[in-house]
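Visitor: Quick one: this structure, given as structure tokens, is what I'll be asking you about.
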Amino acid sequence: MTADVDGTTVRIAVGQMLSEVSPEANLAELGRIAERAAEQGASVLVCPEAAMARFGIPLGPVAQPLDGPWASGVREVAARHGLLVVAGMFTPAPDGRVRNTLLITGRGVDTWYDKVHLFDAFGFAESRTVAPGDRVVTATADGVGFGFATCYDVRFPELFVRLAESGAQVILVPASWGAGPGKREQWELLVRARALDSTCWVVAAGQADPAAVGVEPGTSAPTGIGHSMVVSPLGEVRGRLGAEPGLLVVDVEVGRVAAARSSVPVIANRRPDAYR
Numbered sequence: 046m047t048a049d050v051d052g053t054t055v056r057i058a059v060g061q062m063l064s065e066v067s068p069e070a071n072l073a074e075l076g077r078i079a080e081r082a083a084e085q086g087a088s089v090l091v092c093p094e095a096a097m098a099r100f101g102i103p104l105g106p107v108a109q110p111l112d113g114p115w116a117s118g119v120r121e122v123a124a125r126h127g128l129l130v131v132a133g134m135f136t137p138a139p140d141g142r143v144r145n146t147l148l149i150t151g152r153g154v155d156t157w158y159d160k161v162h163l164f165d166a167f168g169f170a171e172s173r174t175v176a177p178g179d180r181v182v183t184a185t186a187d188g189v190g191f192g193f194a195t196c197y198d199v200r201f202p203e204l205f206v207r208l209a210e211s212g213a214q215v216i217l218v219p220a221s222w223g224a225g226p227g228k229r230e231q232w233e234l235l236v237r238a239r240a241l242d243s244t245c246w247v248v249a250a251g252q253a254d255p256a257a258v259g260v261e262p263g264t265s266a267p268t269g270i271g272h273s274m275v276v277s278p279l280g281e282v283r284g285r286l287g288a289e290p291g292l293l294v295v296d297v298e299v300g301r302v303a304a305a306r307s308s309v310p311v312i313a314n315r316r317p318d319a320y321r
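Sequential numbering from 46 applies to the sequence shown in my numbering.
Structure below.
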């Protein structure tokens, strides 16, 4: 962390990876990304939803508990490089399905978020194999309030407002966005809108597009389109990637949150009781 005229600045790295079916191979790739992020001075690394294993395969056999080998490996990576790491994995659910989980670990934090809103849309039924989460999650690292959401959650403004009300200044959104006509445009519009709704920074980390590297996913499951981005509390895109795998490093000026909320106090001006 560094400080500037606006207050705290946190250097955040977005690892736009292309997950394989093997958790071990993906953990090794996450380690390589973390090394590059640390070399560029980042203190936070956000990897995509399904960083553990891509969609389009049976998820039950790859799911592991939060104290299993994959999560333990991510914790070791975070500790080795001094990073707060956020990465998508799958954990067992009591009903025989799995949970779509973000592991959030490093820099004094060790928690998780289970995706609340499941992607039952565009002909895909995530809820068939995935159980929904039921809690809003925030965490503080180095004095910065972080909130967490996953992919399809970005279509639900109330979650982002709730995160802001719970202390989030930066909302991290790992995703594995589904491809299709207009989907890239929807992704950018939604990420920017959620930043405006919450007057938070929004850091959206997507799976890379397999087609960008000549890979045919062989599945209708959402395997990613890339186009990760970092958006300011006033909806400005401060950094973005294309469709292919890559690393984006952006200095996030946390003080911009207070300035945005002073100029456009949508959180303070909310009147939810007026339209219930």
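The beta carbon of each residue, even a glycine, is placed where N, CA and C say it ideally should be. Bear in mind that the values here come from a model prediction, so they are computed numbers and not experimental data.
In the DSSP assignment, the beta strand (DSSP E) including G91 goes from what residue to what residue?
Guide: Translated into positions along the sequence shown, residue 91 becomes position 46. Note on identity: in this sequence residue 91 is Val, with Gly being the wrong assignment. Element bounds for V91: V89 to V91.
Visitor: Output the distance between the C-alpha atoms of A288 and A319, rounded to the nearest integer angstrom.
Guide: Stepping through the sequence shown from its first residue, residue 288 is reached at position 243. Stepping through the sequence shown from its first residue, residue 319 is reached at position 274. Roughly 42 Å separates the two Cα atoms.
Visitor: Starting from V119, trace the alpha helix (DSSP H) in both directions and tell me its first and last residue.
Guide: On the sequence shown, residue 119 is found 74 positions in, with the first residue counted as 1. Unbroken alpha helix (DSSP H) run through V119: P114 to H126.
Visitor: With 16 other CB atoms within 10 Å as the buried threshold, where does A96 fall?
Guide: Taking the first residue of the sequence shown as position 1, residue 96 is located at position 51. A96 should be labelled buried.
Visitor: From this set, A224, V189, P137 and L111, which residue's C-alpha is nearest A213's C-alpha?
Guide: Position 168 of the sequence shown, counted from the first residue, corresponds to residue 213. A213 has its Cα closest to that of V189, out of A224, V189, P137 and L111.
Visitor: Where are the alpha helix (DSSP H) runs, 4 residues long or more, that stay fully inside the stretch 173-211, in chain order?
Guide: Listed in chain order, the complete alpha helix (DSSP H) runs (minimum 4 residues) inside the stretch 173-211 are 202-210.
Visitor: Got a sec? Which residues, its chain only, sit under 7 Å from R56 by beta carbon, not counting five neighbours each side?
Guide: For the purposes of this step, residue 56 is taken as residue 11 along the sequence shown, with counting starting at 1. Result list for R56: G86, A87, S88, V294 and D296, in chain order.
Visitor: Going by the DSSP bridge assignment, what does P137 pair with across the sheet?
Guide: In the sequence shown, the residue the question calls residue 137 occupies position 92. Paired residue(s): V143.
Visitor: Specify whether the stretch 195-202 and the stretch 113-121 touch according to this definition: at least 3 beta carbon pairs, one from each stretch, less than 8 Å apart.
Guide: The stretch 195-202 is not in contact with the stretch 113-121.
Visitor: Mapping the DSSP letters down to three states, classify P354 as helix, strand or coil.
Guide: This structure leaves residue 354 out entirely; the chain is present only between 46 and 321.
Visitor: Could you pull out every residue in the same chain whose Cβ sits closer than 8 Å to the Cβ of F169, ignoring the five residues on either side in sequence?
Guide: For the purposes of this step, residue 169 is taken as the residue at position 124 of the sequence shown. G223, S265, A266 and P267.
Visitor: In terms of residues, what are the limits of the alpha helix (DSSP H) holding A95?
Guide: Translated into positions along the sequence shown, residue 95 becomes position 50. Unbroken run through A95: none, as it is neither H nor E.
Visitor: Count the other C-beta atoms from every protein chain shown that fall within 10 angstroms of the C-beta of E281, then say buried if there are 16 or more, exposed otherwise.
Guide: Within the sequence shown, the letter at position 236 stands for residue 281. Classification for E281: exposed.
Visitor: What do you get for N314, buried or exposed, if any count of 16 or more other CB atoms within 10 angstroms of its CB means buried?
Guide: Position 269 of the sequence shown, counted from the first residue, corresponds to residue 314. Exposed is the call here.
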